[in-house]
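Heads up: the structure comes next, in structure tokens.
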Amino acid sequence: MKKFRDTLKDIARYPSAIAGLLIVLALIVFSIYTMITIPYKEAIYLWRGTETAVYKNPKNAKPTWFNWFLKDKLPVSVDVFAGEDEDFTKESKPREKGGNLIEFNYSFEYNYNQLPQDIFMYFTSNYEGKNPFVVINLTTPSGEEIKIFDGGISQRTNIRFGQDDKLMTRLIRLHGRDTETQDQLRGVNEGLFSKMGTYPPEIDKGTYTLNVKATTFEEGSDVDAELVIHGTVFGLFGTDHLRRDLKVAMMWGAPIALAFGLTAALGSAIITMFIAAVGTWFGGWLDELIQRITEVNMVIPYLSILIMVGTFYSKSIWTLLLVTILLNIFSASIKSQRAIFMQVKESTYIEAAKAYGTNDFRIITRYMIPRVIPMLIPGLVSAVPSYVFLEASLALLGLGDPTVPTWGKVINDARSYGALYQNMFYWILEPATFLMITGLGFAMLGFALDRIFNPRLRGM
Amino acid sequence: MTEQYDEKDVEISANELDEGFVLDIRGLKVYFELRKRGFQHAGFVRAVDGVDLKLHRGETIAIVGESGCGKTSLMKTILRLNTPTGGEIEFDGEIINDLKANDLKNVRRKIGYVQQDPYGALAPFMNVRTILEEPLRVNGITDPQERYDRVVKVLEEVRMTPVEDFMEKFPHQLSGGQQQRIVIARAMILDPILLVADEPVSMLDASVRVEILKLLRALQEEHHLAVIYITHDLATVRYFSEYIYVMYAGQVIEKARESDLINKTAHPYTHALLAATSDPDPKNVDEFQDVPPGEPPSLVTPPKGCRFHPRCPHMIPDLCDTDRPPEYDLGDNHQVACWLFREMPVHREFTVEA
Amino acid sequence: MAKQKKITLKEDAILEAKRKAELMSMMTDTTHKVGKVKHDLLLSIKDLKLHFETVRGPVQAVDGVNFDLVTNKAVVVVGESGCGKSSLAKAILRLLPRNVSHYSGEVWLRDLDTMQLSDEEYREQVRWVKISMVPQAAMNSLNPVLRVGDQVAEPMLVHYGMPKEEAMEQAAVMFRNVGVPVDFLTRYPFELSGGMRQRVAIAMALVTGPDLVILDEPTSALDVLTQANIFNLLKRIKANLETSFILITHDISTSSELADIVAVMYAGKIIEVSESHRFFSKPRHPYARALMASVPRLREREEPHFIEGKPPSLINPPTGCRFKDRCPKRFEKCEEEPPTVVFGDDWVACWLYEGQGE
Chain A
1 MKKFRDTLKD IARYPSAIAG LLIVLALIVF SIYTMITIPY KEAIYLWRGT ETAVYKNPKN
61 AKPTWFNWFL KDKLPVSVDV FAGEDEDFTK ESKPREKGGN LIEFNYSFEY NYNQLPQDIF
121 MYFTSNYEGK NPFVVINLTT PSGEEIKIFD GGISQRTNIR FGQDDKLMTR LIRLHGRDTE
181 TQDQLRGVNE GLFSKMGTYP PEIDKGTYTL NVKATTFEEG SDVDAELVIH GTVFGLFGTD
241 HLRRDLKVAM MWGAPIALAF GLTAALGSAI ITMFIAAVGT WFGGWLDELI QRITEVNMVI
301 PYLSILIMVG TFYSKSIWTL LLVTILLNIF SASIKSQRAI FMQVKESTYI EAAKAYGTND
361 FRIITRYMIP RVIPMLIPGL VSAVPSYVFL EASLALLGLG DPTVPTWGKV INDARSYGAL
421 YQNMFYWILE PATFLMITGL GFAMLGFALD RIFNPRLRGM
Chain B
1001 MTEQYDEKDV EISANELDEG FVLDIRGLKV YFELRKRGFQ HAGFVRAVDG VDLKLHRGET
1061 IAIVGESGCG KTSLMKTILR LNTPTGGEIE FDGEIINDLK ANDLKNVRRK IGYVQQDPYG
1121 ALAPFMNVRT ILEEPLRVNG ITDPQERYDR VVKVLEEVRM TPVEDFMEKF PHQLSGGQQQ
1181 RIVIARAMIL DPILLVADEP VSMLDASVRV EILKLLRALQ EEHHLAVIYI THDLATVRYF
1241 SEYIYVMYAG QVIEKARESD LINKTAHPYT HALLAATSDP DPKNVDEFQD VPPGEPPSLV
1301 TPPKGCRFHP RCPHMIPDLC DTDRPPEYDL GDNHQVACWL FREMPVHREF TVEA
Chain C
2001 MAKQKKITLK EDAILEAKRK AELMSMMTDT THKVGKVKHD LLLSIKDLKL HFETVRGPVQ
2061 AVDGVNFDLV TNKAVVVVGE SGCGKSSLAK AILRLLPRNV SHYSGEVWLR DLDTMQLSDE
2121 EYREQVRWVK ISMVPQAAMN SLNPVLRVGD QVAEPMLVHY GMPKEEAMEQ AAVMFRNVGV
2181 PVDFLTRYPF ELSGGMRQRV AIAMALVTGP DLVILDEPTS ALDVLTQANI FNLLKRIKAN
2241 LETSFILITH DISTSSELAD IVAVMYAGKI IEVSESHRFF SKPRHPYARA LMASVPRLRE
2301 REEPHFIEGK PPSLINPPTG CRFKDRCPKR FEKCEEEPPT VVFGDDWVAC WLYEGQGE
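Protein chains in written order, with the numbering used here: chain A, 1 to 460; chain B, 1001 to 1354; chain C, 2001 to 2358.
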């Protein structure tokens, strides 16, 4: 414990080390937070991108903070529940003939210069035999009242404003546009949100009111409504082409990267240490064998092997992790550790241990390995980012597990979707930045630890 | 703490002979194979080439010689850290040349090893208590209380008190003298019958050396230990051993009781060693030391005949350079392997081997 | 090798060096100089201090050292490990560690206060020109990747601007002088034995014909016979040349082979300087007495006695006499800094001698 405190004090002498340590700690805290707020199962569910998971998210939305940089703000997504959110009121009045007359009202300000992506209303209702009937109207700031929809609904009905052809026809007429000429309405949203008769269309800014009248015909029959307006910015991290909220991947990328990196680094370091120790201690043919295996293994390009395994065998991240560790055991570190063990082997205290009858195994574990561990720690820390990048590279090559949200996977998706050509740079920048910060943090910490544990490098 | 030193002219009495030998080494040869490029045989390093040695219970002997004379290899072979190439080592009535595993472990319990470099001899990541407990653990002492008691006892014996203070300390927190005491404590903790001390004080300060040597002497007397004291410093040998073996180039060239070796020196090499050992005497400035030029020979291709002949001021041509001299008996348990004494009765012949 | 510094061809210095080398090659087997010997004041050190910073505080390794050395004499500085004697060698030669925190005092070489020189001047005029050093007999004192002949020639090249062939010739002469076969000129240090390496180091120290050579534990890692051979060589040099020696060692016994004067160092200070006959028979300072009593002797039957306790740390040395905690003759006055009591050329820093001497 005392050594740990001393180490911390030593770390404090290097500003870069403090920065590195803070980054690593932040990553760990962030990972723990992620695992608590979004449990793994939920994350996988959200990442799968099924309709129920992502229906509220717009497609390819930029992150909300992007609006800071713009004079003309982009519309932010809205998701409100009737009766729960202040702006979305719900009033229920019983009817004489049974059932209820439920009126929903939602007012919102729309001052953006861009149209929203789409508008959805999700109705849930309960009834025995008779479906409720709803009428939806939208009142624009200019005073136009546009009928959006009227019809029956079932237990779960989604009404997507954008896909309603009848609405489209109505809007075209309202705007006075000719279906034959070129100046067509480019979508329901343009029809809903632009001032009548303007060309090019000008957004009608002001307060909009959405009015829904739902009629139920049975006792106890009720209707609930949820309104979702897909803006073009969403959340802290934006969304991707499958409407998945990128925050899932951004957040979960951290614990996965750390887990992969740390496990791979620790796993290979520990196993390498044992093999180097055993080989050096026993010498002879065992040592020669280990050295030859190492040399052969160092020549084989391991990324290629990983690609082969990933393509022909399994894409599971854990399989790839295992193969990574295996390939990394017989690597250059065995050689450098062997050099250290050779020196330690000649130590006088080990000779003394032999003289009082210590067996080989005990000498290796109790006398040699503890000497070497301090020297391994910096290497271990510095190795973590390379494994993190490895996982990202594998994902980028299409090898990672597609169901697991990792930073590499996001970059892969972004790349195959052509994100940079579509002005969706956030899609690549976010995971890249996170990867960079992770690498930087561990590298700085690793270098500082190297200076501490390797006294010869002190003062540099 | 200062002990009185009584003039002891130790004679190997009949009583001690009855106790039997702790160590009886006959014709020991330790050759190391030289290999070129890992596979090709390139000769042997004849580190120990036909050595006899006898040690009784409670006796202290010294093995004296310069570096490369084979004393270290001899000592390591006794500890079975090397395997002998030829000859026999009999320890406490048992031939230990080829022992393995458990048998070897039982033998090792009875030999304590004190090394030259006190700091290197202690694992830097273990505290004193752990260091001392290790030999106990390794040899099956499972009861923690028993281990603790033995550690306390041995620390008291080497005068590292208060014991509790020292148990938690790490080697780098101790002075050289204290470190060496721990090394000695560790050697003693298994209650050995033989203590092998390899240059135990040469890396310590001059003023601390005497302290450690006296401690070793006290322990030896208290426990009736047999001690082999290996050194190149003849001045310290006097306070600590009764019988001295002088080695040169892998062979024992003279052996005698301490006073005989110094007062009735026989071999020219021993003469040189004595001449080269200075006492603090202001007259030294005015005199050259009478030492032979050159250096000890290679142990791979040692000189033919007597290995000292190229440097010997009394070399006899056609004798010293052709045949290895036998050991001649000068009486009083004093033997010398030198042709200058060919009038004396032969104690042992050496057969020439390839 | 000096890169951009201008190396001035110092003709007279070169001649002097060559003359001394010649003199060395004509060395006879005497231990004493023949004829009248001059003893001018060569080195005078006043209040020399060298402190350096460590993690645990400032180490006051050399803490106010005074002594004088005349020509044609050898002084041995004796002390245990940790008394600052190696730092003393470095302080005299201005080989300061990187973490030096205090370096002051006067180091007079004849009539030149070397402390006043700039580092550059010091390098050109003093180090390895007037004073040189033979470092501890460790494997690291010679550069393992250069041939030994080149290393011995190097001081001539660097300090005197001698052309390469001439410098190699000089090196060959020195090799012969110290007893190393000339065909070893092209060998690397690892090919030489310990004794040979030390002889090469001695050659390297003497090649520029300095007035003073400092030897720091020159034989501690060597075997007794080799040690004796080296000391025989040093004795010959001392008798035949005008070089003075400062020998730094912990080994009192071997120091008696070369010492004309013995200076005892304890906890950063010199506490006694005595002429050798006086010192080895009856040293003055209690520490010196204890030291002499703790040495095992081959030719006498006296039992050695060790000194209790250990030397004080140089980080916070005690006030007053630094030996007081271990001194058998301690009394109240020892709490104050002891006076320096002079007895002719000798002196001792101890309260027991207050009032005696001159």
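A virtual CB, placed ideally from N, CA and C, is assigned to each residue, including glycine.
CB of residue i within 8 Å of CB of residue j, strictly
i: Ala353/A; j: Tyr367/A; result: yes
i: Ser1207/B; j: Leu2291/C; result: yes
i: Ile1131/B; j: Ala1123/B; result: yes
i: Tyr1119/B; j: Pro1200/B; result: no
i: Lys1054/B; j: Leu1023/B; result: yes
i: Phe1044/B; j: Phe1032/B; result: yes
i: Ala1187/B; j: Arg1057/B; result: no
i: Val2070/C; j: Ile2092/C; result: no
i: Val1196/B; j: Val1138/B; result: no
i: Glu2336/C; j: Gly2320/C; result: yes
i: Thr1231/B; j: Val1064/B; result: yes
Distance between residue j and residue i (C-alpha atoms, nearest Å)
i: Trp65/A; j: Ser331/A; result: 45 Å
i: Lys2003/C; j: Val388/A; result: Per-residue confidence for Lys2003/C stands at a pLDDT of 46, beneath the threshold of 50, marking its modelled position as unreliable; the derived number appears in the next sentence. Rounded to the nearest angstrom, the two C-alpha atoms are 47 Å apart.
i: Asp2012/C; j: Pro1310/B; result: 44 Å
i: Val76/A; j: Thr239/A; result: 12 Å
i: Met1167/B; j: Val1128/B; result: 5 Å
i: Ser2256/C; j: Ala2263/C; result: 12 Å
i: Val1285/B; j: Ala2259/C; result: 7 Å
i: Pro1297/B; j: Ile377/A; result: 46 Å
i: Gln182/A; j: Asn111/A; result: Per-residue confidence for Gln182/A stands at a pLDDT of 49, beneath the threshold of 50, marking its modelled position as unreliable; the derived number appears in the next sentence. When rounded, the distance between both Cα atoms is 27 Å.
Contact list for residue i against chain A, beta-carbon separation under 7 Å
i: Ala1121/B; result: Thr348, Tyr349, Ala352
i: Tyr1113/B; result: Ala352, Ala355
Residue i: first and last residue of the uninterrupted alpha helix (DSSP H) it sits in
i: Tyr55/A; result: From DSSP, Tyr55/A is part of no alpha helix (DSSP H); its letter is neither H nor E.
i: Ser393/A; result: 369-396
i: Ala352/A; result: 348-355
Limits of the unbroken beta strand (DSSP E) element including residue i
i: Leu2192/C; result: Segment: none, Leu2192/C is in no beta strand (DSSP E) and carries neither H nor E.
i: Ala225/A; result: 222-230
i: Ala1256/B; result: 1251-1257
Within-8 Å CB hit, residue i to chain C
i: Leu1034/B; result: no
i: Ala1062/B; result: no
i: Pro1280/B; result: yes
i: Glu1088/B; result: no
Residue i: contacting residues in chain C (beta-carbon distance under 9 Å)
i: Ala1266/B; result: By Cβ distance, chain C contributes nothing, its closest Cβ being about 17 Å from Ala1266/B, past 9 Å.
i: Tyr1239/B; result: Pro2296, Glu2303, Pro2304
i: His1232/B; result: Asp2223, Val2224
Closer than 8 Å to chain B by CB, residue i
i: Thr358/A; result: yes
i: Gly2195/C; result: yes
i: His2285/C; result: no
i: Pro378/A; result: no
i: Arg362/A; result: yes
Test: residue i CB closer than 8 Å to a CB of chain A
i: Phe1044/B; result: no
i: Pro1144/B; result: no
Heavy atom of the ligand SAH within 7 Å of residue i beta-carbon
i: Arg2098/C; result: Absence of the ligand SAH is noted for the structure shown, with no ligands found whatsoever.
Contact list for residue i against chain B, beta-carbon separation under 9 Å
i: Arg371/A; result: Ala1123, Pro1124, Phe1125
Proximal residues of chain C, C-beta to C-beta of residue i below 8 Å
i: Pro1135/B; result: Going along chain C, no residue has its Cβ under 8 Å from Pro1135/B, so there is no contact; the nearest lies around 28 Å.
i: Asp1205/B; result: Glu2080, Ser2081, His2250
Interface residues of chain A facing residue i [CB-CB closer than 9 Å]
i: Val1138/B; result: Ala353, Tyr356, Gly357, Thr358, Asn359, Arg362
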